[in-house]
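Chains F and U are the protein sequences, given in the same order.
Each residue of the first sequence is one higher than the one before, starting from 1 at the first, in this note's numbering.
Each residue of the second sequence is one higher than the one before, starting from 1001 at the first, in this note's numbering.
Even glycine gets a Cβ: it sits at the ideal position worked out from N, Cα and C.
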Amino acid sequence: MKKFLFLTLALAITAASVRAKLRVVATTPDLGAIAHEIGGDKIDLVTLAKPTEDPHFVDAKPSFIVRLNRADVLIEGGAELEAGWLAPLLEGARNPKLDAGKPGRIAAAEGIALLEVPATLDRSQGDIHASGNPHFLSDPENAKIVAAHIARSFAELDADDAATFAANEKSFSARLDAKLTEWQRLLAPYRGRPIVTYHNYWIYFGRRFGFPMDLFLEPKPGIPPTPAHLAQVILKMRADHLKLIAVQPYQNRKTAETVASHTGATVLDWPSFPGGPGTESYEAWIDTIVQSIVHGFASAQ
Amino acid sequence: MKFRTLVIYLSVLGLASAAPAAESDVQELKNQLAQLQAAFEKTRHEQQQQIEALTRKIEALTAAAPASNPAPASAAGDEQKKLEQELAAETAAAPASPAAAAAASPPPPAPAARAGSAYMNLSYGASAVAGWSSAPDPSAQLELGDHDPVKRGVSLRNAEIAVDGAVDPYFKGFANIVLKLDKNNETSIELEESFLESTSLPANLQLKAGQYFAAFGRENVQHPHMWSFVDQPLILGRAFGPDGLRSLGAQVSWLAPTPFYTEAFLSVLDGQGGTAFSFRNPGEPDPTGVERYAGRATIDRPLRGPQDLVFVPRIASSFELSDTQTLLAGVSGAFGPNDTGPHARTEIYGADLFWKWKPADASQGFPYVTWQTEALYRRFDAGADPLAPAPLPAETLRDSGFYSQLVWGFIPRWNAGLRADYVSGNDASFDASDPFRGERYRFSPELTFFPSEFSKIRLQYNFDHGAAFGSAGSIWLQVEFGLGAHAAHKY
């Protein structure tokens, strides 16, 4: 009897120690970076979109179906960013854990106050998103909301590690608060000066740190720049003395260079997501953009 | 003792009622939260409207200001024109930087417009083809697909209304209704697909039932707006007829627990009628009204048992060859009876391959290169027809063929492609006027411009050669658009 008890106990301990980690799939690398902050080594994390990839146009590769089939958690941006590719993957994945409304399905946009919710749905205005601008993670305050959301869901699915997730979330949030103070301080001298961007991607960052970003090289979301529109942009940049143009890895840098050559502006390369060399973490990613702005304005003077 | 019992009784009662009390508290809090959220939303909406109204006022005022000062405005206008011309020249001349010029896989799926607001997604898509062919009636021999252009001039062979959505927690539903204009521009209508699909079966299984395109190869299941060319590949027309292999039935599919993607499918189809072309298909009436297939008068063959159903197995696997290259390959079969004799049967085998390259910094999905190939073989037991105008023996008709197509999305919004088609089927006695028999080949270069994900303009040239009709050239200009929600595209 004693032997049996001992054996049961040993088995239970072994079972607990080899307990499978939460298998987490994040659609985009910014969500992946935050999931990594919360989950650390308690989760197995896979990110579908590459850091350099256009998140609106990810291929629904069959290998992603396999990832989703075996996942415990899916973290998506929601707000239709993945509307073009996530639905057929989920249909193929046959994984009820990821059904909408289940704890395994985290829509990061929930709880975020989305900007630019269109009053009418009209595609003559370009490729607009019905729920609002989905690029909300460039605002670190939003990253904190998403981190808390992820920590809650992870804890619900893996109660044994709930304390770790909560501690990680607290630490991430505290680090971001400290960083926010630093970023605000670094950017303070340049606050209020507009920055031209290629796509309407950085509005949440602009709102947080006080940089108007409402001049775009695209005439409408998803519509490539035309000479007529670029001419307007150049005249506006000249009139308002705008000196910085930000482009992302998948956007046409040559267009930005052309505009820069007509305005004496500087082209800044901003990674769309964390995950590239030097921008592995969420903080490093925002750091890169903050430094880029500081250097850009400093050298433009 | 009595008192104690009472206390115990009361405390049990209290415990029992505590749970419902907590529940109703939660419910009340939830209600309060919902009310607060609604109030918050309302305020936000009102404030947004105020902001918008103020913004419009400011815009109106600032727009009015320059008008009072016309000279600088026109100077600015001149400057803008000059800049425009310079920019047009510069952007046209400069070679696209690799980071900049990327773009297109088949125009990716259109995002749903407020998906779920009406319990289903609704979309409409139409494709018209204008063109000319050296053959006076291209639909007689050259263009045999149901969505292919039917005449010199303009054809509209696919206008579809599609709906899809969650039926309930257990099923998804999809249906599309296709409208087509015939040569005289009379409209015909057909229920192309209407099926439900399970969402919660265990063991990685999925069930589909209704009328649907059978999972055979790659292009058979795709709707025309996903094709890279104006018309359907010849071998698919040979094996599956103008409509593709489409019937009422049920399919079970299974995602295998392999480290790479592997999915197995098995369909069981009713298989009667023209959309099951090589199976229980009565064929077309000849001038005397006798229905014939491959020259043979057909018999109306009712279902005698499970052996008269059509079975369509398929297995497909996918591999990531590198960070930028993906391969998807499959083999399929279709087995069932045909109507040319009481015991006549048909077997169809197919292999398909799809390869795609897309760099990690593609913009709007461009650039990309895809290579798609399918090869099919059909073994068709044809019954004897001694009463045919030229008597035909009982024998086996063998058809085989392939198509191979390369499409290059060279800059955002543009792709160029080349397709080669070949079919053979000369080894037996058949009606030489039957456009679905005999050797032929085709070469088709194409160029497509996608103004957005929701529209495309395609120019295609076909060089056709066949034993029955010699050589022919056709040029087609296709214009297509989509409205409303649009399902995301599968790989």
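Check                                                                                                                         : Outcome
Contained alpha helix (DSSP H) runs [length at least 4] in the region 243-283 of chain F, N- to C-terminal order              : 253-263
Within 8 Å, strictly: CB atoms of F/I293 and F/F154                                                                           : no
Contained beta strand (DSSP E) runs [length at least 3] in the region 1223-1309 of chain U, N- to C-terminal order            : 1246-1255, 1261-1269 and 1291-1293
Cutoff 8 Å: U/E1084 Cβ touching any chain F Cβ                                                                                : yes
Which of helix, strand or coil DSSP assigns to U/T1370                                                                        : strand
Chain-order list of residues whose beta-carbon lies under 6 Å from that of U/G1333 (same chain, five-residue window excluded) : P1313 and Y1349
Cutoff 8 Å: F/S17 Cβ touching any chain U Cβ                                                                                  : With a pLDDT of 49 at F/S17, under the threshold of 50, the modelled position of this residue cannot be trusted; read the value that follows with caution. Not one chain U Cβ lies under 8 Å of F/S17.
Beta-carbon proximity of F/Q251 to U/S1363, cut-off 8 Å                                                                       : yes
Outcome for F/R191 when other beta-carbon atoms lying within 10 angstroms are tallied against a minimum of 16                 : exposed
Burial state of F/S261, where buried means 16 or more other Cβ atoms lie within 10 Å                                          : exposed
Residue environment, F/I195, which counts as buried when at least 16 other CB atoms sit within 10 Å                           : buried
Cα-Cα separation between F/G132 and U/P1257, rounded to whole angstroms                                                       : 38 Å
Classification of U/P1108 by the beta-carbon crowding that lies within 10 angstroms, buried from 16 upward                    : For U/P1108, the pLDDT reaches just 37, beneath the cut-off of 50, and the residue's location in the model is therefore unreliable, although a value from the coordinates is still provided. Result: buried.
For U/A1316, the residue or residues it bridges with in DSSP                                                                  : U/E1263 and U/G1330
Other residues of its chain near F/D161: CB distance less than 6 Å, five sequence neighbours each side excluded               : K42
Alpha-carbon spacing of U/T1187 relative to U/A1089, whole angstroms                                                          : 47 Å
Proximity to F/R185 [Cα-Cα], best of F/K144, F/D287, F/T47 and F/A256                                                         : F/D287
Contact residues within the region 1179-1197 of chain U, judged by C-beta distance below 9 Å to chain F                       : E1197
Alpha carbon of U/D1286 to alpha carbon of U/P1302, nearest angstrom                                                          : 22 Å
Proximal chain U residues relative to F/I65, where beta-carbon distance stays under 9 Å                                       : L1255, Y1261, E1263, S1318 and Y1491
Separation of U/S1127 from F/A148, as counted between CA atoms                                                                : 48 Å
Min CB distance U/L1447 to chain F below 8 Å                                                                                  : no
Beta-carbon contacts of U/L1248 that lie in its chain and below 8 Å, excluding the five residues immediately before and after : G1210, Q1211, L1269 and D1270
Whole-angstrom C-beta distance between U/G1409 and U/P1367, which should lie under 8 Å                                        : 5 Å
F/R23 beta carbon less than 8 Å from that of F/A71                                                                            : yes
Residue from U/A1467, U/G1438, U/W1414 and U/A1468 with nearest C-alpha to U/T1448                                            : U/W1414
Segments assigned beta strand (DSSP E), at least 3 residues, entirely inside the region 5-88 of chain F                       : 22-26, 43-47 and 73-76
Run of the alpha helix (DSSP H) containing F/F165, from where it starts to where it stops                                     : A162 to L187
Cα-Cα separation between U/P1412 and U/S1444, rounded to whole angstroms                                                      : 22 Å
Chain F contact for U/T1373 (CB, 8 Å cutoff)                                                                                  : no
Host beta strand (DSSP E) of U/P1451 (start-end)                                                                              : R1440 to S1452
Opposing strand residues paired with U/I1189 [DSSP bridges]                                                                   : U/L1179
Amino acids of chain U, ordered along the chain, whose beta-carbon sits closer than 9 Å to that of F/L235                     : A1076, E1079, Q1080 and L1083
Within chain F, partners of U/R1413 - CB distance below 8 Å                                                                   : P224
Rounded C-alpha distance that separates F/K220 from F/G126                                                                    : 5 Å
Residue interval of the beta strand (DSSP E) (run including F/V146)                                                           : Note, F/V146: premise wrong, no beta strand (DSSP E); alpha helix (DSSP H) at P140 to L157.
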